[in-house]
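Enquirer: Take the sequence shown: its position 407, counted from the start at 1, is 406 in numbering that gives the first Met the number 0, and no numbers get skipped. Ideal placement from N, C-alpha and C gives every residue a C-beta, glycine not left out.
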Amino acid sequence: MSAHKETLGFQAEVKQLLQLMIHSLYSNKEIFLRELVSNASDAADKLRFESMSNPALLDEDGELKIRVSFDSAARTLTVADNGIGMSRDEVIEHIGTIAKSGTRKFFEALTGDAQKDANLIGQFGVGFYSAFIVADKVTLTTRRAGAAAESGVRWESTGHGEYTLEAVDKPNRGTEVVLHLKEGEDEFLNDWRLRHIVRTYSDHISLPIEMKTVATADEEGKEAAETEETFEAVNQASALWARAKSEISDEQYREFYKHVAHDFSDPLAWSHARVEGRQEYTELLYIPSRAPFDLYDRERKQGVKLYVRRVFIMEDTEKLMPHYLRFVRGVIDASDLPLNVSREILQESKDIDAIRAGCIKKVLGMLDDLAQNDADKYASFWREFGQVLKEGVGEDFANKERIAKLLRFHSTAGESDAADVSLADYVGRMKEGQEKIYFITAETLAAAKNSPHLEVFKKKGIEVLLLVDRVDEWVGSHLHDFEGKALQSVAKGELDLGALEDEADKVAQQQAEEAAKPVIGRIAAALGERVKEVRATARLTDSPACLVVGEHDMSAHLERLLKSAGQDVPDVKPVLEINPEHVLVQRLSSEADEARAADLAQVLYDQALLAEGGKLDDPASFVKRINRLMLELSA
Numbered sequence: 000m001s002a003h004k005e006t007l008g009f010q011a012e013v014k015q016l017l018q019l020m021i022h023s024l025y026s027n028k029e030i031f032l033r034e035l036v037s038n039a040s041d042a043a044d045k046l047r048f049e050s051m052s053n054p055a056l057l058d059e060d061g062e063l064k065i066r067v068s069f070d071s072a073a074r075t076l077t078v079a080d081n082g083i084g085m086s087r088d089e090v091i092e093h094i095g096t097i098a099k100s101g102t103r104k105f106f107e108a109l110t111g112d113a114q115k116d117a118n119l120i121g122q123f124g125v126g127f128y129s130a131f132i133v134a135d136k137v138t139l140t141t142r143r144a145g146a147a148a149e150s151g152v153r154w155e156s157t158g159h160g161e162y163t164l165e166a167v168d169k170p171n172r173g174t175e176v177v178l179h180l181k182e183g184e185d186e187f188l189n190d191w192r193l194r195h196i197v198r199t200y201s202d203h204i205s206l207p208i209e210m211k212t213v214a215t216a217d218e219e220g221k222e223a224a225e226t227e228e229t230f231e232a233v234n235q236a237s238a239l240w241a242r243a244k245s246e247i248s249d250e251q252y253r254e255f256y257k258h259v260a261h262d263f264s265d266p267l268a269w270s271h272a273r274v275e276g277r278q279e280y281t282e283l284l285y286i287p288s289r290a291p292f293d294l295y296d297r298e299r300k301q302g303v304k305l306y307v308r309r310v311f312i313m314e315d316t317e318k319l320m321p322h323y324l325r326f327v328r329g330v331i332d333a334s335d336l337p338l339n340v341s342r343e344i345l346q347e348s349k350d351i352d353a354i355r356a357g358c359i360k361k362v363l364g365m366l367d368d369l370a371q372n373d374a375d376k377y378a379s380f381w382r383e384f385g386q387v388l389k390e391g392v393g394e395d396f397a398n399k400e401r402i403a404k405l406l407r408f409h410s411t412a413g414e415s416d417a418a419d420v421s422l423a424d425y426v427g428r429m430k431e432g433q434e435k436i437y438f439i440t441a442e443t444l445a446a447a448k449n450s451p452h453l454e455v456f457k458k459k460g461i462e463v464l465l466l467v468d469r470v471d472e473w474v475g476s477h478l479h480d481f482e483g484k485a486l487q488s489v490a491k492g493e494l495d496l497g498a499l500e501d502e503a504d505k506v507a508q509q510q511a512e513e514a515a516k517p518v519i520g521r522i523a524a525a526l527g528e529r530v531k532e533v534r535a536t537a538r539l540t541d542s543p544a545c546l547v548v549g550e551h552d553m554s555a556h557l558e559r560l561l562k563s564a565g566q567d568v569p570d571v572k573p574v575l576e577i578n579p580e581h582v583l584v585q586r587l588s589s590e591a592d593e594a595r596a597a598d599l600a601q602v603l604y605d606q607a608l609l610a611e612g613g614k615l616d617d618p619a620s621f622v623k624r625i626n627r628l629m630l631e632l633s634a
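(1) Starting from residue 354, follow the alpha helix (DSSP H) in both directions and report where the run begins and ends.
(2) Name the residue from 319, 289, 330 and 438 whose alpha carbon lies nearest to the alpha carbon of residue 308.
(3) Check for me: the beta strand (DSSP E) holding residue 269 runs from which residue to which?
(4) In terms of alpha-carbon separation, which member of 229, 200 and 176 lies closest to residue 248?
(5) Which one or two residues does DSSP pair with residue 410 in a beta bridge?
(6) Mind pulling the beta strand (DSSP E) runs of 3 or more residues that sit fully within the segment 474 to 516?
(7) Decide if residue 191 is buried, meaning its Cβ has at least 16 other Cβ atoms within 10 Å, or exposed.
(8) Can you say whether residue 40 is buried or exposed, counting buried as having 16 or more other CB atoms within 10 angstroms of its CB?
(9) Can you tell me where the beta strand (DSSP E) with residue 154 in it begins and where it stops?
(10) For the segment 477 to 490 against the segment 429 to 441, are there 3 or more C-beta pairs whose distance is under 8 Å?
(11) At 4 residues or longer, and completely inside the segment 6 to 88: list those alpha helix (DSSP H) runs for me, N to C.
(12) CA-CA distance, residue 13 and residue 21?
(13) Three or more beta-carbon pairs under 8 Å between the segment 251 to 259 and the segment 350 to 359, yes or no?
(14) Using the C-alpha atoms, what's the distance from residue 522 back to residue 587?
(15) For residue 90 versus residue 139, is the C-beta distance shorter than 9 Å?
(16) What residues in its chain sit with their C-beta under 8 Å from that of residue 355, if we drop five residues either side in the sequence?
(17) Nearest to residue 531 by CA position, among 598, 592 and 604, is which residue?
(18) What's the call for residue 390, buried or exposed, on a 16-neighbour Cβ count within 10 Å?
(19) So residue 425 is in the alpha helix (DSSP H); what residue range does that whole segment cover?
(20) Report yes if the CB atom of residue 579 is closer than 9 Å to the CB atom of residue 489, and no otherwise.
(21) Just checking my contact of residue 409 with residue 499 at CB under 8 Å: how many whole Å lie between their CB atoms?
(22) Would you tell me roughly how many angstroms separate the C-alpha atoms of residue 71 and residue 60, rounded to the nearest one?
(23) If you pair each beta-carbon of the segment 156 to 164 with each one of the segment 46 to 53, do three or more pairs fall below 8 Å?
(24) Under the DSSP definition of a beta bridge, which residues are partnered with residue 437?
(25) Take residue 416 as the anchor and find which of 422, 467, 459 and 42 has the nearest alpha-carbon.
(26) Which partner residues does residue 622 have in the DSSP bridge list?
(27) Could you tell me the distance, in whole angstroms, from the CA atom of residue 443 to the CA atom of residue 360?
(28) Sorted by chain position, which residues of the same chain lie with C-beta nearer than 7 Å to residue 43's C-beta, five sequence neighbours on each side aside?
(29) Looking at C-alpha atoms only, which residue of 313, 338, 132 and 266 is the closest neighbour of residue 327?
(30) Relative to the C-alpha of residue 28, which residue among 193, 143, 5 and 9 is closest?
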C-alpha cells in the first residue's frame with residue numbers, strides 16, 4: 000500500500016541547523032555513521048524497556064540488532080535497526096521539528112566560528128541531521144513496534160527546507176535510514192572503510208552491528224541463487240561498562256562518552272567501578288569538558304542513564320544524581336533492582352539512595368583528584384561548571400564541607416582575573432590573629448574590586464574574596480564557616496577586625512566618632528526615613544560614605560537580584576557610614592546653609608548607593624542636585 004505523499008516544511012530552526020552542521024562538521028564527516036548507529040542503539044534500548052510491560056512488542060523478532068550496508072551501483076548507504084520505531088506523529092516531532100526547550104538560546108550562542116559551533120551542535124544532539132553532511136537525499140522508513148504493517152511511514156528530504164511523508168507497508172518494526180550519497184563521497188561505499196568507522200566509533204554499542212560477510216574468491220564464483228546473504232557482527236556487542244577496565248582503552252572510553260552524552264568533545268575525566276556489597280552496581284560516570292548551552296534550563300534532561308542487569312530502564316531521573324551535578328553523564332547498571340522499576344518506586348528506594356550517595360562520592364572524588372593533581376583541567380572544569388557546583392553548598396548538607404573545598408573565587412590577592420582561589424588558599428594566607436574569612440558580593444568583578452567597603456582591608460593588606468556570580472548569595476547564606484573560620488561579609492554589620500586592630504586604631508576611631516556626632520546628626524536629619532542610622536566608620540580611607548546592612552539582614556545585592564526576578568522583598572533600611580576625615584564630609588560639617596547641607600547629605604547617600612550597584616529612585620533629582628551644588632560651590 001502507498002498513500003498520498005504529503006510535503007511539509009521544516010521548522011525554521013531545523014533549516015538553519017542543517018546549514019550550520021553541514022559546514023561546521025564537514026572536516027569530521029565520518030561521525031554521521033556514529034550518530035546514526037547511536038540513534039539505532041537508543042531505539043533498541045527503548046524497545047527493551049517497553050517490552051518488559053508488553054512482551055508482544057518483540058513479536059517473533061527478539062534478537063535486537065543494527066545493520067549497516069551499502070549499494071555501490073545505487074550509491075546508497077543504509078543503517079537499519081529493529082528497535083522501537085516511530086509513528087507518523089513521532090517522525091514529525093523528532094525529525095521535522097526541534098522539540099527542545101532552549102532552542103533560541105542555542106542559536107544565540109552560535110558564534111560563526113565553525114569549530115566552536117561544531118561543539119555546540121554536538122551538545123544539541125542532532126545525530127540524525129548529520130546524515131546530510133554526506134548525503135544529498137535521505138530516505139527514512141519506520142514502523143512503530145506493535146503497529147500494523149500498513150502503519151509504516153516514509154520520510155524523505157534533500158535537506159533544503161522541505162520533506163515528504165507518506166504511509167507505506169513495512170513488514171517489520173524498526174527504522175531504516177537510506178543515505179543517497181553526494182558526489183565525491185565514495186569512501187562510504189567501501190566495506191573496509193565502514194568497518195573501520197564502526198569499530199572506531201561504535202565498538203562499545205551493546206547490541207551487534209552487522210555487515211554482510213565479505214565473500215571469498217571461491218564464493219564469488221558460485222551462482223547467486225545458491226549463495227544466501229549472511230551477516231556478521233563487526234563490533235564486540237557487549238556493554239562497555241560491563242567489561243574489565245583493563246580491556247578498555249582510553250579511546251574507547253572517550254567514544255562511549257560521545258555516544259551516551261551525544262557530545263562531539265572529549266570528556267574531561269571519568270570514573271569506572273564495580274561496587275559490591277549490600278547494593279551491587281557498576282558505574283561509568285563522566286565529567287564533560289564543555290557546558291551545554293541549556294545547563295541552566297530546569298526542564299533539561301539529566302545525564303545519567305539507569306540500567307538494570309544491562310537492560311535500559313530510564314534516564315533523566317534526579318534520584319540518580321542531584322541537581323547540582325546535572326552536568327555528569329554516564330551509566331549506572333544496578334544488579335538488585337527489579338526490571339519493572341518505575342520512577343515512583345525509585346522515589347522510595349533505599350537501594351537507589353545508596354547508589355546515589357556512592358555516585359556523588361565518586362564524582363566529588365574525581366573533582367578532588369583534578370583539583371589536587373591537574374590544576375589546568377580543574378580550572379577548565381571550574382570555568383564551565385563552577386556556578387553549578389556552588390549550588391551544592393545549599394542542596395547537599397551531607398557533602399557541604401567537601402564541596403566547599405572545591406569552590407574557587409576571585410580575590411583581592413588573586414594574581415589574575417580568574418576565579419582560582421580556594422578557601423584553603425585563603426585560610427593559608429590569613430594574617431596572624433585573623434579569625435574570619437572576609438568576602439564581598441557584587442554584580443561584577445569591577446564593582447567588587449572598587450567597592451568602598453574594601454578600603455580599610457586594602458590598607459591593612461587583608462585579603463577579601465570577591466563573590467560575583469549570581470549563585471554566590473546562595474553560597475554565602477548556607478556556608479557559614481570553613482575549617483573553623485567564620486565567613487563574614489564586609490558589607491554587613493559594624494566593622495570588627497578583632498585582633499587585627501591595634502589600640503591606636505581603636506582610640507582614633509573613638510575620637511573620630513565623638514568629633515563626628517554633630518555632622519552625623521545633621522546628615523540623619525536630612526535623610527530621615529531613608530536610613531536606619533548614620534554612623535562614623537574606620538572602614539573608609541578614600542570614599543566619603545558607604546551603605547551597610549545589619550548583620551542578619553538581606554544584602555543589598557541579594558535584594559536587587561530578588562526584585563529583578565519579580566519577587567517581593569522586605570523593606571530593609573541601610574545604615575550610612577561616613578568617613579569623618581573626608582573633605583566632603585568636612586565641607587558638609589562646616590556648611591552654614593541648611594538647604595545646601597541637606598543637598599550634600601542627599602548626594603553622599605546617592606553616591607554610596609550607586610557605588611554598590613544600586614539604582615536611584617529619582618535620578619533626575621540627583622542630577623539637578625549635583626548641578627546646583629556645582630554651580631553654588633564654584634561661585
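Expert: In terms of the structure at hand:
(1) On the sequence shown, residue 354 is found 355 positions in, with the first residue counted as 1. Unbroken alpha helix (DSSP H) run through residue 354: 349 to 372.
(2) As a first step, residue 308 must be located in the sequence shown, where it is residue number 309. The option with the nearest alpha carbon to residue 308 is 330.
(3) The residue you call residue 269 lines up with position 270 of the sequence shown. Residue 269 -> beta strand (DSSP E) spans 268 to 274.
(4) As a position in the sequence shown, residue 248 is number 249, starting the count at 1. Nearest of 229, 200 and 176 to residue 248, Cα basis: 200.
(5) Here residue 410 refers to the residue found at position 411 when the sequence shown is read from its first residue. According to DSSP, which records beta bridges pairwise, residue 410 is partnered with 464.
(6) Those beta strand (DSSP E) runs which fall completely within the segment 474 to 516 and span 3+ residues are 484 to 488.
(7) Working through the sequence shown from its first residue, we reach residue 191 at position 192. The residue in question, residue 191, is exposed, as its Cβ has fewer than 16 Cβ neighbours within 10 Å.
(8) In the sequence shown, counting from the first residue as 1, residue 40 sits at position 41. With 16 or more Cβ atoms within 10 Å of its Cβ, residue 40 is classed as buried.
(9) Your numbering for residue 154 matches position 155 in the sequence shown. Run containing residue 154: 151 to 156, per the beta strand (DSSP E) assignment.
(10) Contact between the segment 477 to 490 and the segment 429 to 441 is established, with three or more Cβ pairs separated by less than 8 Å.
(11) 11 to 23 and 30 to 52
(12) The residue given as residue 13 occupies position 14 in the sequence shown. The residue given as residue 21 occupies position 22 in the sequence shown. If you draw a straight line from the Cα of residue 13 to the Cα of residue 21, it comes to about 12 Å.
(13) no
(14) Here residue 587 corresponds to residue number 588 of the sequence shown, with the count starting at 1. Here residue 522 corresponds to residue number 523 of the sequence shown, with the count starting at 1. For residue 587 and residue 522, the gap between their C-alpha atoms comes out near 9 Å.
(15) If you number the sequence shown from 1, residue 90 lands on position 91. If you number the sequence shown from 1, residue 139 lands on position 140. Contact flag set, yes.
(16) To locate residue 355, count along the sequence shown from 1; it is residue 356. Exclusion of the five residues before and after residue 355 leaves 318, 319, 320 and 321 as the residues of its chain whose Cβ lies within less than 8 Å of its Cβ.
(17) Taking the sequence shown and counting its residues from 1, the one referred to as residue 531 is at position 532. Checked all of 598, 592 and 604; the closest Cα to residue 531 is 604.
(18) In the sequence shown, counting from the first residue as 1, residue 390 sits at position 391. Buried.
(19) Looking up residue 425 in the sequence shown gives position 426. Counting along the chain, the alpha helix (DSSP H) containing residue 425 begins and ends at 422 to 427.
(20) Counted from its first residue, the sequence shown places residue 579 at position 580. Counted from its first residue, the sequence shown places residue 489 at position 490. Cβ distance not < 9 Å, so residue 579 and residue 489 don't count as in contact.
(21) Counted from its first residue, the sequence shown places residue 409 at position 410. Counted from its first residue, the sequence shown places residue 499 at position 500. Not really, about 22 Å apart at Cβ, beyond 8 Å.
(22) The residue you call residue 71 lines up with position 72 of the sequence shown. The residue you call residue 60 lines up with position 61 of the sequence shown. Approximately 29 Å between the Cα atoms of the pair.
(23) no
(24) If you number the sequence shown from 1, residue 437 lands on position 438. Residue 437 is bridged to 487.
(25) Here residue 416 refers to the residue found at position 417 when the sequence shown is read from its first residue. It is 467 whose Cα lies nearest to the Cα of residue 416.
(26) Residue 622 sits at position 623 when you count from the first residue of the sequence shown. In the DSSP output, where bridge partners are listed per residue, residue 622 has none listed.
(27) For this step, residue 443 is matched to residue 444 along the sequence shown. For this step, residue 360 is matched to residue 361 along the sequence shown. Computed Cα separation, rounded: 33 Å.
(28) Locating residue 43 in the sequence shown gives position 44, where the first residue counts as 1. Excluding residues within five positions, the ones whose Cβ falls inside 7 Å are 63, 80, 82 and 206.
(29) As a working mapping, residue 327 is identified with position 328 in the sequence shown. Cα-wise, what sits closest to residue 327 is 266.
(30) Here residue 28 refers to the residue found at position 29 of the sequence shown. Nearest of 193, 143, 5 and 9 to residue 28, Cα basis: 193.
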